[in-house]
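A.B. asks: Mind having a look at this structure? Questions to follow.
Numbering (the UniProt record's numbering), first residue to last: 1 to 216.
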C-alpha cells in the first residue's frame, strides 16, 4: 500500500491543481476563485479546498482529514509557492460533532486583511467573507449553474429565493434580466446580495429588489 506521507499529499494537491489548470481555471483573467479539491472527485473524500485569489480555504468533513489539516496546508504551500499567502481552516461546522474535537476556525498560515474580500468569477465581482460566511464563504460549486442563469435571463423577471451572496442575481442582471428580486431570511445575506449587485452594476443597475420575505 502507498504510504500517506508528505509526498503523497503534495502529489494529490498537485494532481488536483493540474486538473483545474486543464479546465482553464487557474490562470483565467476573469476568474480568481475556484474549487481546488472536491472530495471524492479528487480522491480525497471528506476534504474541500477553495481558492480565493491568494487565499486557500480548507474545510474538513471527516475526522481523518481534520487531523491532517496542517499537512494539507503544508502541501498547498509547497505546490502553490508564493501564489498562496494565507490558508484558512473553516471546519468547525463540518467536522462530525460526535468526534468531540471542538474545532475552532482560524488561519493555519498567513493572514489576510479585513473582510470581505473581492474575487472574480467569469468577469463578475463578488464580496466573499470566508471567516464568517456560509460554506467556505461562497458557493463555488454553483459556477456553471450561475452561468446557465446568465444565458437564459434576458428580458425575464427573476426571483432569487434564499439568495445568500446574490450570485444568481448578479448573473441574471449580467444576462439582461428585466428585473431581479433577491430574498433571504438573513438580513446579513440580503445586504450582501445588494452589495454585490451594486459592486457590479452601480446605483443605476437594472431594478434589483432585496429583502427578508421568506420564513425558515
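We put the CB at the ideal spot given by N, CA and C, even for glycine.
1) Is the number of C-beta pairs between the region 141 to 161 and the region 54 to 69 that are closer than 8 Å three or more?
2) Grouping DSSP H, G and I as helix and E and B as strand, with all else coil, what is residue 173?
3) Alpha carbon to alpha carbon, what distance is there between residue 150 and residue 196?
4) Can you tell me whether residue 104 is buried or exposed? The criterion is at least 16 other CB atoms within 10 Å of its CB, across all chains shown.
5) If I follow the unbroken beta strand (DSSP E) through residue 35, where does it start and stop?
6) Should residue 173 and residue 209 be called a contact, given that it needs their Cβ atoms to be closer than 8 Å?
7) Whose CA, out of 63, 72 and 180, lies closest to the CA of residue 102?
8) Using 8 Å as the threshold, is the region 117 to 128 in touch with the region 47 to 58, meaning 3 or more CB pairs across them?
9) Could you give the distance in angstroms between the alpha-carbon of residue 3 and the alpha-carbon of residue 14?
C.D. replies: On the basis of the coordinates in this document:
1) no
2) Residue mapping note: residue 173 aligns to position 173 of the chain shown, counting from 1. If DSSP states are grouped into helix, strand and coil, residue 173 belongs with the helices.
3) Taking the first residue of the chain shown as 1, we reach residue 196 at position 196. Taking the first residue of the chain shown as 1, we reach residue 150 at position 150. In a straight line, the C-alpha of residue 196 is about 15 Å away from that of residue 150.
4) Residue mapping note: residue 104 aligns to position 104 of the chain shown, counting from 1. Label assigned to residue 104: exposed.
5) For the purposes of this step, residue 35 is taken as the residue at position 35 of the chain shown. Where residue 35 is concerned, the enclosing beta strand (DSSP E) stretches over 33 to 38.
6) Along the chain shown, one-based indexing puts residue 173 at 173. Along the chain shown, one-based indexing puts residue 209 at 209. The answer is no: Cβ separation not under 8 Å.
7) Here residue 102 refers to the residue found at position 102 when the chain shown is read from its first residue. Of the listed residues, the one whose Cα sits closest to residue 102 is 63.
8) yes
9) Sequence index remark: in the chain shown, residue 3 carries index 3 (1-based). Sequence index remark: in the chain shown, residue 14 carries index 14 (1-based). Roughly 17 Å between the two C-alpha positions.
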